[in-house]
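Take a look at the structure set out below.
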Amino acid sequence: MTASKTIAGLLGPTLVALGLAMLLNLGSMPAIAAHYQIPRDPALIFVSGILLFVAGLAIVRAHNVWSGGWPVLVTVLGWVALVGGMAQMFFPIRLAGIAAQMCASRALLVGVAIVFLPLGGFLCFKAYTHD
């Protein structure tokens with residue numbers, strides 16, 4: 052359970068911060084996306100994919116738990132990061148275009164933020180409370 056709490060203690064605040072940042076910067080997200088879309092800098096997508104892959108790999112190596120309640124969520128997030136990082140490394144140009152379209156959709160950004168906030172809050176609760 053210690054590894055679960057440790058990783059949840061990192062993922063939870065990160066997801067909450069991302070969700071809040073997305074909501075606070077909702078109006079400027081299309082401009083941010085326009086700055087990094089094809090053909091300007093697919094290398095940024097590639098490098099962020101490397102970082103996401105390494106983070107996901109670290110989580111999966113330290114915590115590959117598929118039973119026992121909420122710790123499975125930590126494992127699933129690790130696998131999502133691992134696969135997402137690989138996708139960014141293998142298809143940086145294609146994903147840069149998709150990311151630009153997604154960032155242009157205000158409703159989608161709000162939806163993602165609404166998912167990140169309670170998910171991150173739940174992980175924070177599990178990580179920072181005593182059993």
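Just so you know, our numbering puts 100 at position 49 of the sequence shown, and the rest follows in order with no gaps.
We put the beta carbon where it would ideally sit given N, CA and C, even for glycine.
All values reported here derive from a predicted model rather than from experimental measurement.
Reduced DSSP category for residue i - H, G, I as helix; E, B as strand; rest coil
i	result
Val-116	coil
Ser-156	coil
Gly-142	What sits at residue 142 in the sequence shown is Phe, not Gly. Of the three classes helix, strand and coil, the one that applies to Phe-142 here is coil, per DSSP.
Val-166	helix
Trp-130	helix
Reference residue i, options the options, closest by Cα
i	options	result
Gly-70	Ser-79, Val-127, Phe-167	Phe-167
Leu-95	Gly-172, Phe-176, Arg-145	Arg-145
Phe-141	Leu-77, Pro-93, Leu-62	Pro-93
Val-123	Thr-65, Pro-64, Lys-177	Lys-177
Cys-154	Gly-120, Ile-83, Ala-106, Gly-119	Ile-83
Val-125	Ala-151, Gly-78, Leu-174, Gly-162	Leu-174
Ile-149	Thr-53, Lys-56, Ala-68, Pro-81	Pro-81
Leu-133	Pro-143, Leu-103, Leu-61, Met-73	Leu-103
Ala-109	Leu-61, Leu-74, Gly-78, Ala-72	Leu-61
Phe-97	Leu-74, Gln-139, Gln-152	Gln-139
Leu-74	Val-161, Leu-170, Gly-171	Val-161
Rounded separation between residue i and residue j - CA only
i	j	result
Val-131	Ser-156	22 Å
Ala-113	His-181	22 Å
Tyr-179	Lys-56	8 Å
Gly-135	Trp-121	22 Å
Val-116	Ala-54	10 Å
Asn-76	Gly-119	37 Å
Val-127	Gly-78	31 Å
Val-111	Val-163	23 Å
Range covered by the alpha helix (DSSP H) that runs through residue i
i	result
Thr-65	53–75
Buried/exposed call for residue i, threshold 16 Cβ in 10 Å
i	result
Leu-159	exposed
Ala-106	buried
Pro-169	exposed
Ala-147	buried
Ala-68	exposed
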